[in-house]
Structures are given as structure tokens and as C-alpha cells.
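Note that the protein sequences, when read in sequence, are chains A and B. Under this note's numbering, think of the first position of the first sequence as 7, with each following residue one higher. Under this note's numbering, think of the first position of the second sequence as 56, with each following residue one higher.
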Amino acid sequence: MLETNDDRLFVPDLDDDDSRPFWEGCALGELRVQACASCSQWRMPPRPMCPRCRSLDVTWVVSSGRGTVWSFVVPHAPLLPGYTELAPYNVIVVELNENSLIRFVGNLVLGPNAPINSIDPATIAIGEAVAVVFQRVNGIALPFWIRAPS
Amino acid sequence: MSIKDLTAVVGIGQTEFGRLEQNELTLACRAISLALDDAGIAPHEVDGLASSTMEPNREVEVARNVGLGDITFFSQVGYGGGAACGIIGHAAMAVATGQCNVAVAWRGRKRAAKSSRPWTQASTRIADKNMWSRPFGMLRPVDEIAMLTRRYMHEYGATRDHLANVALASRAHANRNPNAAMYTKPMTRDAYMDSRWISEPLCLFDNCLESDGALAVVIARRDRAADTRHEPVIVHAVAQGLPPQHQTMTNFFNDDPLRGPAWVTARKLWERADVGPRDVNVAQLYDAFSPLIPLSLEGYGFCERGEGGAFTDNGNTQWGTGALPVNTSGGGMSEAYVHGFNLIVEGVRQIRGTSTSQVENAQVSLVTSGEGVPTSAVLFTKAR
Ligand SMILES: [Zn+2]
């Protein structure tokens, strides 16, 4: 797993009880989705209560980690320090194959060990197939995405 | 009960816009003071205050400076650019229901102030909803709206030319408004197309200005408005909206992210009003980013879904040529960005007949706050 250490980069706060199992899954190479233990509906982002049945009981399912690009942007400098140096890079929203309402913000990278500016943004297309990979930023595993056969 | 037509805007005030020396509190107090003078109402008569949760100037400071009397109603509305029309709504509801008699609503803002740029202040450990976007380099509001914009262009065939229509109409209006920051700076379509990227597909001129300034309005019951200095501008209808499963700004997670809070706000607004979209003579649509105009045109029912881009063609939103002049003071993109409060004041001027791009005999004036966040809208009409 690619390791990047730069304390200017943003990472999730693992003290958040609702989301911690997601990030723990990333460290194990799993893209987990929170699901209601009572009515089984998947939800993203994670939260304490099921908006469908109001159950507080939660389970986590391991998804395929396969999806398609729903949309993408290309931020240009000036940005915050740590990101300005990488710009222009891409940010994508991925729609999961199993459930089109489960979406993740991420970055398309050339390979599991490539940075977020490793893809020519002009080649990115809405609808293209992607698969999850994981990279560690400041010790925390985060999901990134590579191109996948559709 | 309905508050339809029970209250009126009886005073407006504003500072100059641009890069200003005075601090936020000074700017806010000046705007409020000017609005009270415009109304011909003394400070001690003010007993209601409404503002934004992002307003840096608290009620106690405003009241101590302007010399207000006993305040019996004070309220704030959240969600940044979605708040302004809701602030008018809170003030109007309070006046209409007797919680207060004369309310002041205001917004003062400086671009360099910490409160104006929350995205630059964050700790690098993200505990809120932004943990799902910021670690991936989605840092600024423009990146979040650009994501919706790309999807919108993909689904409906909207183009950069449509977004340029929005920017150019606002600039043309600003070029007629001496108070606008861009009064002396015309813009061409080539200049738009050649400007630098901020977050593709959005370029520099798809973004609002960064401005210092403050604006205020005074709201009273219609009977009190009988002896104020100017023709009262009636608060005909007002609405706020927050639809199911909406996540403000990073709204990528529900079944229809392009159908934002404007839609539910519009439904309630038109339900409460005696008029519909076809009766609107002039509109001020919140424009922190140009794509919010086509999305708002669709949400508020001026065209069908996906037709908001094409609606802006042929100068259709431009004063003098268009069926629906939009952002006639120059708006957030070319007059000033004061969280949409300048749109409120311009919406009032259109009914008074004092805009620099005045729509002849305007009877119905729509103002909206930001699409893409929990939002609000207000309809101003002439006294009938
Ligand atoms: Zn459930």
C-alpha cells in the first residue's frame, strides 16, 4: 500500500464512531458500506439512525469495490498548501455497481501506487468503470480508484 | 394563518462594495443606519432583528451601536448562501405575528475575515461530513458545485456557452450600476472562454466576486408603512426548503442530486402566492456560481428540467432584451458577493422603480437564495 506522509493533507478523524468501521475496513483492503441491521437498507455517508425504519442497529457489508464515474472535476491552483503542488488533479464521484445510491468521492489514479495527478484529466469520462484500491495517507488507509474493465 | 401581504420592506441601506478599510461591525451599522433613515424610522422603534448564522456582527453589538431599544425578537438562519431570503421571512413572520413591530435584517461581510472562508480554517483531521470529500482534495465550495455542474452538463447537454450567458448578463447589468464592483469593467465572451480554470468545468468568471460590504432592510406591518418615506414593497410570499436526504453542498448521495432545495422551496412559494412563474417580471437568483442560475430557473419553474441552460440563450436573462431579466444589479458575480443580500435589496429596488436596470412597471419581483444548500425565496410585489 502506497504511503504518503504530509501533515498538510486532510484525513478523516478516526474518533468518529459512525464512520470508524469504514476506515478500519480500508486498512484491511475492504470497501465497506453501512447497512441497517433491521431493514437491510444501505446508506452512505454513515450515520447513527436508519432514515427508513429509524433503527439504531448497524451492520457493515463488504462491497465489490466496483463502480462507475458519476462525475468529476479538476481543481486548479491556487489551493491549500500540500494540494497546490499536486494540481491540476482529478476528483471523482463513484457510483457503486451494487447500489447506485451508494457513492464515494475519490480520485482516479493510474495504478495502486500512483498519485492523484497521474491521469490526464482529458481522458476521464462519466460512466467509465473503476475499481477500488487503497493508499495510506498519514497512516490512515483511504480508498482510491483505478480504471477497470467494464 | 398566512403572512401573505401583511408586511412590507420600508427601508433599504447599503455600504459601498469592494475592498474596504472599515471593519465588519462598522459596515453593518452603517447599512442599518442608512436603512432606518431611508424608512424614516427611529432606532428606538426597532424591536426585531434577523440575521445569518454566519453573520460576524451579533445582535448585542448592532443594538448597542445603532442605539436600538428593547429587542423582543431575534433570530438567525443557517446555511450560508441559502439564508438571505429566509432571514427576510423570519423578520416578516415575526412582524406579522406581533412578536415585534419593526424588524431589521442585515448582512455584513469582509472577504478577508476568518468567518468568510471556513474552508481555509479546517483542522487537517476532519470529523464532520467533509471527511467524505476533503481527504480527496475536494477543498473549496467551487469544487463541490463543479461536480454537480459536470453531471448537469452530461445529463442535459448544457454547455460553457450557457454559463457564459449568465456571466455576461450579470456583467452587462453591473456596467449600468455605479455601485457595482465591476461597473467600469466590461467582459466579452472571448474573455470568459480564455479565463483560467478554477475547478474544471468552472472557470474564473463562473465564480462570484469576493467583496467587503453590508446591506440592510427594514420590515414593518403595512399599516406602519403608510407614513414611511418610500412606497412600501410588499412581502407577498416567502418560503424555506430542505428536501429529504439532502446533504448541503456535497449533495452527491441522494437519488437526484441535481434536484436541489430550490424545488421544494419553489413549490411552497407558489402555493402561498397569488402569482406564478409567468407573472414574475424580474428575478434575482443567487449566483455564487454561474450554474446555480440554470438550476434555479428550473427549480423555480421558469422552464422545464434540463432547459435552464438554453433558457439563457439570446440574451433572455438580460435587461433590455430578455423575457426574464436576472440579477439586474450585477448580482454576486459582478456587483458584490454579500451572501445574496444585495439580491434582496435589488429585488426591492425593482418594485420601487429605482434599479439602474429597471424593468418597466415591475409588479412581481422574485429573489432566491442559494440552490445546492438548504435555501429560501421571497416574492416582493407592489402595494395594491
Ligand atoms: Zn432500517
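Yeah, the Cβ is synthetic: ideal placement off N, Cα and C, and Gly gets one too.
Does any residue of chain A bring its CB to less than 8 Å from the CB of tryptophan 325 of chain B?
For tryptophan 325 of chain B, the closest Cβ of chain A is not nearer than 8 Å.
Count the other C-beta atoms from every protein chain shown that fall within 10 angstroms of the C-beta of lysine 240 of chain B, then say buried if there are 16 or more, exposed otherwise.
It is exposed - the Cβ of lysine 240 of chain B has fewer than 16 other Cβ atoms within 10 Å.
Shorter than 8 Å from the beta carbon of valine 97 of chain A to some beta carbon of chain B?
Closer than 8 Å: yes.
Mapping the DSSP letters down to three states, classify proline 52 of chain A as helix, strand or coil.
The answer is coil: DSSP assigns proline 52 of chain A none of H, G, I, E or B.
heavy atom of ligand 1 below 7 Å from arginine 58 of chain A C-beta:
At least one heavy atom of ligand 1 is nearer than 7 Å to the Cβ of arginine 58 of chain A, so yes.
Just the Cα atoms here: how many angstroms apart are asparagine 113 of chain A and valine 100 of chain A?
Asparagine 113 of chain A and valine 100 of chain A: Cα-Cα distance of roughly 9 Å.
Among A:Ile130, A:Gly133, A:Ala93 and A:Arg109, which has the Cα closest to the Cα of arginine 38 of chain A?
Each of A:Ile130, A:Gly133, A:Ala93 and A:Arg109 was checked against the Cα of arginine 38 of chain A, and the nearest Cα belongs to A:Arg109.
Can you say whether valine 138 of chain A is buried or exposed, counting buried as having 16 or more other CB atoms within 10 angstroms of its CB?
Residue environment analysis places valine 138 of chain A among the buried positions, since at least 16 neighbouring C-beta atoms fall within 10 angstroms of its C-beta.
Can you list the residues of chain B that proline 27 of chain A reaches, using a CB-CB cut of under 8 Å?
By Cβ distance, chain B contributes nothing, its closest Cβ being about 13 Å from proline 27 of chain A, past 8 Å.
Determine which residues of the region 356-374 of chain B have a Cβ less than 8 Å from any Cβ of chain A, and write them out in chain order.
Legend: CB atoms of the region 356-374 of chain B lying less than 8 Å from CB atoms of chain A are not found in any residue.
When you measure from the CB of glutamine 47 of chain A to every non-hydrogen atom of ligand 1, does any distance come out below 7 Å?
The answer is yes for glutamine 47 of chain A.
Within 10 Å of its beta-carbon, does methionine 186 of chain B have 16 or more other beta-carbons around it, so buried, or fewer, so exposed?
Flag for methionine 186 of chain B reads buried.
So with CB distances below 9 Å, who are the chain A contacts of histidine 228 of chain B?
Residues of chain A passing the Cβ test: none, with the nearest at roughly 28 Å.
Is any heavy atom in ligand 1 found nearer than 7 Å to the beta carbon of cysteine 42 of chain A?
Short note on cysteine 42 of chain A: C-beta closer than 7 Å to some heavy atom of ligand 1.
Are there 16 or more other CB atoms within 10 angstroms of the CB of histidine 99 of chain B, so buried, or fewer, so exposed?
Residue burial annotation: histidine 99 of chain B is exposed, with fewer than 16 other C-beta atoms found within 10 angstroms of its C-beta.
Assign proline 118 of chain A to buried or exposed, taking buried as 16 or more other Cβ atoms, counted over all protein chains shown, within 10 Å of its Cβ.
It counts as exposed.
Should serine 69 of chain A be labelled buried (16 or more other beta-carbon atoms within 10 Å of its own) or exposed?
When all chains shown are included, serine 69 of chain A counts as buried.
Buried versus exposed, by CB contacts within 10 Å (16 or more), glutamate 255 of chain B:
Glutamate 255 of chain B is classed as buried because its beta carbon has at least 16 other beta carbons within 10 Å across all chains shown.
Which residues, in chain order, does the region 402-435 of chain B contribute to contact with chain A at a C-beta distance below 8 Å?
The residues in question: there are none.
Contact with chain B by isoleucine 125 of chain A, beta-carbon distance below 8 Å
For isoleucine 125 of chain A, no Cβ of chain B is located within less than 8 Å of the residue's own Cβ.
Flag this pair as yes or no: are the beta carbons of aspartate 267 of chain B and arginine 74 of chain B separated by less than 8 Å?
Contact: yes.
Mind listing the chain B neighbours of asparagine 113 of chain A? Cutoff is C-beta to C-beta under 8 Å, in chain order.
The contact set of asparagine 113 of chain A on chain B, defined by CB atoms closer than 8 Å, consists of Phe191 and Gly192 in chain order.
Please confirm whether valine 80 of chain A has its beta-carbon closer than 8 Å to some beta-carbon of chain B.
Closer than 8 Å: yes.
Check for me: the beta strand (DSSP E) holding arginine 72 of chain A runs from which residue to which?
Segment 72-81, the beta strand (DSSP E) holding arginine 72 of chain A.
Confirm the yes/no value for this check: CB of serine 61 of chain A, any heavy atom of ligand 1, distance under 7 Å.
For ligand 1, at least one heavy atom lies less than 7 Å from the Cβ of serine 61 of chain A.
Could you please give the first and the last residue of the uninterrupted beta strand (DSSP E) stretch that includes leucine 434 of chain B?
Annotation for leucine 434 of chain B: the continuous beta strand (DSSP E) segment containing it runs 430-437.
Which value, in whole angstroms, describes the spacing of the CA atoms of phenylalanine 344 of chain B and valine 422 of chain B?
Rounded to whole angstroms, phenylalanine 344 of chain B to valine 422 of chain B spans 16 Å at the Cα level.
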